[in-house]
Amino acid sequence: MSDARIRLAADIGGTFTDVVIETPSGRHSVKVLTTPRQPELGVMQGIARVCEASGVRAADVGLFLHGTTLATNALIERKGARTALLTTEGFRDVLEMGFEKRFDHYDIDIERAPELVPRPLRYTVRERVAADGATLEPLDEAGVVRAARAMLEADVRSVAIGFLHAYAHSAHERRARELVERVFGEAGDDIARTVCISSEVCPEMREYERLSTTVANAYVRPLMAGYLERLRALLDEAGVRCPLLLMMSGGGLTTLDHATRFPIRLVESGPAGGAILAAHLAGECGLDDVVAFDMGGTTAKICLISDREPERSRRFEVGRAWRNLKGSGLPVRIPVIELVEIGAGGGSIGRVDAMSRITVGPDSCGAEPGPACYGRGGREPAVTDANLVLGRIDAQRFAGGHIALDATRAREALERSVGDRLGMDAFWSAAGMSEIVEENMANAARVHAIERGQAIGEFTMIAFGGGAPLHAGRLAQKLGIRRVIVPAGAGVGSAIGFLRAPVAFEVVRSDHRALDECDAREVDALLEAMREEAAQVVAPAAGGAPLVQTRLAELRYAGQGHELRIRLPEGAIDAAALASLADRYEQEYERVYGLRIPGSAVEVITWSLTLATVPPAPVPASVPAGEPGARPSGERAAWEPGRGERAAFALHWRFDLAPGARVAGPALVAEHETTTVVPAGWAARLDTAGHLVLEAQESAR
Amino acid sequence: MNDRTTSDALLRTIRTQVMWNRLISVVEEQAQALLRTAFGSVTREAGDLSAGVYDVQGRMLAQAVTGTPGHVNTMATAVRHFFDRFPRETMCPGDVYVTNDPWMGTGHLFDFVVVTPVFRGDRMVALFASTCHTVDVGGIGFSADARSVYEEGVCIPHSRLVSAGRLNDELLAIVQANSRNPIEVRGDILSLVSSNDVGARRLLDMMDEFALESIDGLAQHILQHSREAARAAIARLPSGCWEARMTLDGYDAPLELVARLAIDGERLTVDYAGSSPAQARGINSPRCYTEAYSVFGLKCLIAPDVPNNAGSLEPFVILAPEGSCVAPSRPAPVTARHVIGQMLPDLMFGCLEAPLEGRVPGESAGSIWVLAMSGAARRGPRPFNVMSVGLGGMGARPTKDGLSTTAFPSGVGGIPIEVTEAQAPVVFRCKEFLADSGGAGRWRGGLAQRIVIEGRDGREFACSAATFDRRDHAARGRQGGEAGALGAVIVEHAGGETRFEGKGTIAVPAGGRLRVDLPGGGGYGDARTRDPECVRADLEAGYVTEAAARERYGWPR
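Order-wise, the sequence lines are chains A and B.
The first sequence begins at 6 in my numbering and counts up by one.
The second sequence begins at 30 in my numbering and counts up by one.
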């Protein structure tokens, strides 16, 4: 019989599929290669292996949690369904016009990501709703039917319907969906076709972003539905009959049914898992504020977590197509864990610009050809090449020994692209690249923190992903952070995060009006309706677990363009509650921006309600005190950036360390998939949960 | 040199680069803070703002990427003007300075420039400056109809806004008393102050981290390397002298722009001698704005990767006869300065066509069309006053089509219809590509759009045509590419349609509609050499009509 304490998680990434099982007796994880054509096969293979390793029978598994980059990849590679758009007459091109903005002022060659629905498949119909939800022109039903027939003719498999101001009045969209589905039903073939409406997928103001989100959802829905259906069937076949929950980009879990309808909400599930893990670790280690730092092959992600809650937002960009630049991807508005993504990873390329400055990224050499040291034809130096030349990574043990690194090629590339221009040898070129990439990440983190009025120096950094432990120490020094934690199982961090995630769902409603014009009873009724909507998604997956709700208002001074998310007081909303909301807004505004704007009205843009199960309580971890220093297995010369010179680093193997044993920097602590750099002036110790805790021992930066 | 000295030198090199990066990040933070706190859709949705850091001599060291090119050079020189009125030694910790003087700031009264000196102890170490387009500064509002700058709104000469930490409320009160949107204007100015504070705090943090007493050495490094990079880029061009001309619609009569570009080794000079004199109405481009967009156009093609600072801008010398439309004397009216200013990059491209043959795009729609609409509100006595923007096509590039409905050279973007309609009682009826508006060519010019607007419930409203150029003079193609379509303004009403000419104020009667056809971008290369696959795709999408395909592209081939 299934055992609720036995839980399984799988995270499908671009290269690897990580599968983790947790049982009362421990945790087992495995990395298998992703099987792009049929990703469910890789998942099943991983499940079989962890079950075997842990001695668990498929039927014993109580819950399966899953996240995947499948939707993201389909969007980036433009491999979704043939999709049509039905929109308000006169606005056929909103989707293609986008923000009508150049994302790089000086590059006259820029290109935008091509829209998912080309013009011939963009249909329009007469209808019009005003900003306040009033109907200016009724829906032309015959026009909808004509468009639907044309779509059949055009062999369309998926349809997005998005009308102007539909967030304020959704009746036209709902009726149009009914009509389109009817026409499709009468087609008399067995082809599955799906219809999405913007007022359900993304009920928010700003037509381009709402349409873009709805279209993206429609575009990946057939593919995701097919995948999830096949996976469910394979699971059943293998005897894993427990409930399957999907990880969403907002950090909550949802049902299979809901995920099938709104697959766009799954796009950033991997990073969300990482953030959830970091929040959970904050609990384990008794920390209030942490910053999650995840560095992979192409990008680094940084997420601030205050009071053990990752920050959330609803703006995200999929697939930055032009040199990884902000603004060159597809915007989607879905609940996401707020994180900054920087074009800084192991594959980021180093160069020298016209001002003789070393630059790193934002473009990456990817896995093919990869860094020069992979020996697969890459000629440009990447961050991994720099780390190798700096002595931080062991050429023989990289990626668990799967890839043998060639230091000669790394040195040649560094000299060719950087050193020769600046009169530096390969080592100093590498030191320069390392400093610059760390500086880029530190700058992004700092800007991100300051935008939120946070003092990042008081945070603890949690570093995971292959590259983060190499750079975390230096990054912490640059940010004034004095403690870094490299968790156990850092290599499969996202999947472990899934195990810690709550079942949760966020419902939002755009409702643009001055706060003092809001009727408290109406707001209360709206929130109640939102709670019911959320409950419909959450309750079936929660299995009777208690639920907590978080209600937020997005507020701004009338006339401004950016909102602050303010928590609503508990209980029924009355006039006093609304008044207190305005006060809270002004306090928060002053905290973030350092001033108030007296006399300016505060307006609400959106109400948001999240219903969630209570996440598992963390088991406190502690660092045993008084253990003697660990004995190193050897010594290697490596770059010590704080001192600005090459220094002797003590070498340790992480799994040889005893809990509490102290490793004084400069030191390198290696494990299968990464190496942790302990800077000079810092010391590292393993805590009782197996996390490596690095702490600054002195005030020097 | 021994090993220790070598490695010290290398370390210094790396640290200097790190600090340079940091400085760019600091001004980006400053700009982002401003973007989030500014009022008015032109600033917050479209990004009409700028932020920068300066050394104690008033030389710009770094400028935020966020913002728009019109503020590049204008901001670069603005700080030095403050020193003329308030000598450096008279500036104290806690002081903040302000102006919106078009000749001393960024070219029209709407843009307030706020400057904050930064002190470490008693010693000034740097200055931060920022600017944004405020909602309203009084006068006749956003319009080109003024006959002098005095009619265009309130002008604040260089003044102390904050004196040793004390806010000068009287000064703000004067601005507020003159504005139709007093609360927003105050909010914008205070946002500029707080964004400078963000920059100042971050700079002081950096100085602590690197134990710096001054940033003079860093400034020297930045300016020198940037200057050298810009000079080297110029030196890669052939020496010689080239001229380009352009005719614009003007306010009510055409005007002529003439530019002569001279390159001599690493020296580059542009001279606007021969351009039309200052115009009677508010489309003149003050010298600072002329310099900004001239250098922007040149840098796009010559040195796009060199960051903006006093060093990289220095090798570009821009001359313009005083009293001309590109260097008008006070009190010439200047509100719609971008009508002329934003055409200058295309003029620079024209000059560079010969020396950079094969690398210069076709002309673009140029000046953005600001849809400044006003009328009676649905509720309350205060009339509405809202700004949207209309964007035409960008010129075709030498290896690809022009971007459709995208501003060039301006960096602003469109404003969502739903945002505008939530702010004002107007209803958009159409915002769609205009077929055949992109100039034909081997590479097609960017498409323009048609925008149709009516008053909510059939009410009347007004819209300024101040910035609507290229209605008589199209964006020209290059290398045999054809011109983009002309723009047009039509008022639809019960009695039919009326074409609106000139740059005055359009009155849309009750029950009527305003139809705005934006200009398209110029094409590149001979249309008959366009890849048949591209022509077919354009036909299928309806970007090009059958008739135009036959006539211009020789279709079917």
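Cβ atoms here follow ideal geometry from the backbone N, Cα and C, with glycine treated the same way.
Asked: What is the rounded straight-line gap between the Cα of B/A62 and the Cα of A/V452?; Found: 10 Å
Asked: Could you give the uninterrupted runs of the alpha helix (DSSP H) lying entirely in the stretch 467–532 of chain A, keeping only those of 4 residues or more?; Found: 473–484, 498–505
Asked: Are the C-beta atoms of A/A705 and some chain B residue less than 7 Å apart?; Found: Model confidence at A/A705 stands at a pLDDT of 45, short of 50, so the residue's coordinates are unreliable; what they give is reported in the following sentence. For A/A705, the answer is no, since every Cβ of chain B falls outside 7 Å of its Cβ.
Asked: For chain B, find out if any of its Cβ atoms is closer than 7 Å to the Cβ of A/M210; answer yes or no.; Found: yes
Asked: At a CB-CB cut-off below 7 Å, which residues of chain A make contact with B/I446?; Found: L169, E212
Asked: So the candidates are B/R426, B/S403, B/R407, B/R408; which of them puts its Cα closest to the Cα of B/S417?; Found: B/S403
Asked: At the level of alpha carbons, what is the spacing between B/A158 and B/F325?; Found: 20 Å
Asked: Pick from B/D37, B/Q46, B/A38: whose alpha carbon is nearest that of A/T364?; Found: B/Q46
Asked: Taking C-alpha atoms, which residue in A/V528, A/A525, A/T389 lies nearest to A/P474?; Found: A/T389
Asked: Excluding the 5 residues flanking B/I218 on each side, which residues of the same chain have their C-beta closer than 6 Å to its C-beta?; Found: F141
Asked: Inspect the CB distances between the stretch 471–482 of chain B and the stretch 417–430 of chain B and report whether three or more fall short of 8 Å.; Found: yes
Asked: Under 7 Å between the Cβ atoms of B/A107 and B/V56?; Found: no
Asked: Run down chain A in chain order and give the residues with a C-beta less than 7 Å from the C-beta of B/R426.; Found: I113, D114
Asked: Check each candidate in A/G665, A/S613, A/L614, A/T74 and name the one with the smallest Cα separation from A/A635.; Found: A/G665
Asked: By how many angstroms is the C-alpha of A/A663 removed from the C-alpha of A/A412?; Found: 32 Å
Asked: Would you please state the rounded distance, in angstroms, between the beta carbons of B/R176 and B/A309? I believe it to be under 8 Å.; Found: 6 Å
Asked: Give the residues from the stretch 564–595 of chain A that approach chain B closer than 8 Å (Cβ to any Cβ), ordered along the chain.; Found: G564, Q565, G566, H567
Asked: Quick one, are the C-beta atoms of A/T77 and A/V272 less than 7 Å apart?; Found: yes
Asked: Does any C-beta atom of chain B lie closer than 7 Å to the C-beta of A/E676?; Found: no
Asked: What does a CB cutoff of less than 6 Å around A/G366 pick up in its chain, not counting 5 residues either side in sequence?; Found: G348, A349, S353
Asked: Taking only beta-carbon atoms, is A/F96 less than 7 Å away from chain B?; Found: yes
Asked: Since B/A401 and B/S493 are thought to touch, with beta carbons under 8 Å apart, how far apart are those beta carbons, to the nearest angstrom?; Found: 4 Å
Asked: Kindly indicate if chain B contains any beta-carbon less than 7 Å away from that of A/S203.; Found: no
Asked: Evaluate B/Y179 with the Cβ neighbour count: other Cβ atoms within 10 Å of its Cβ, from every protein chain shown; 16 or more gives buried, anything less gives exposed.; Found: exposed
Asked: Examine the ligand GDP and report whether any of its heavy atoms sits within less than 6 Å of the Cβ of A/R356.; Found: The model depicted lacks the ligand GDP and carries no ligand whatsoever.
Asked: Going by C-alpha distance, which of B/V222, B/H187, B/R41 is nearest B/G123?; Found: B/V222
Asked: Can you grab the Cα-Cα spacing for the pair A/A705 / B/I43, in whole Å?; Found: Since pLDDT at A/A705 reaches only 45, below the 50 mark, its modelled position is unreliable, and no value is offered.
Asked: Leaving out five residues before and five after A/R659 in sequence, what residues of the same chain have Cβ atoms less than 6 Å from its Cβ?; Found: V674, E676
Asked: For A/R313, which residues of its own chain have a beta-carbon under 6 Å away from its beta-carbon, when the five flanking residues on both sides are left out?; Found: A284, A287, G288
Asked: Taking the alpha carbon of A/M446 as the reference point, which residue from A/A159, A/E316, A/T304 has its own alpha carbon closest?; Found: A/T304
Asked: State the DSSP-derived secondary structure class of B/K328, mapped to helix, strand or coil.; Found: helix
Asked: Within the same chain, show all residues whose beta-carbon is closer than 6 Å to that of A/H476, passing over the 5 residues directly before and after it, in chain order.; Found: E443
Asked: Could you tell me which uninterrupted beta strand (DSSP E) segments, each at least 3 residues in length, are contained entirely in the stretch 460–510 of chain B, listed from first to last along the chain?; Found: 478–484, 490–493
Asked: Just to confirm my understanding: we take A/Y562, look at its own chain, exclude 5 residues before and 5 after, and list those with CB closer than 8 Å. What are they?; Found: Y594, I602, S605, A606, V607, E608
Asked: So B/L138 is in the alpha helix (DSSP H); what residue range does that whole segment cover?; Found: Run containing B/L138: none; DSSP gives neither H nor E here.
Asked: I'd like to confirm the pairing. Which residues does DSSP put opposite A/D23 in its beta bridges?; Found: A/D16, A/K36
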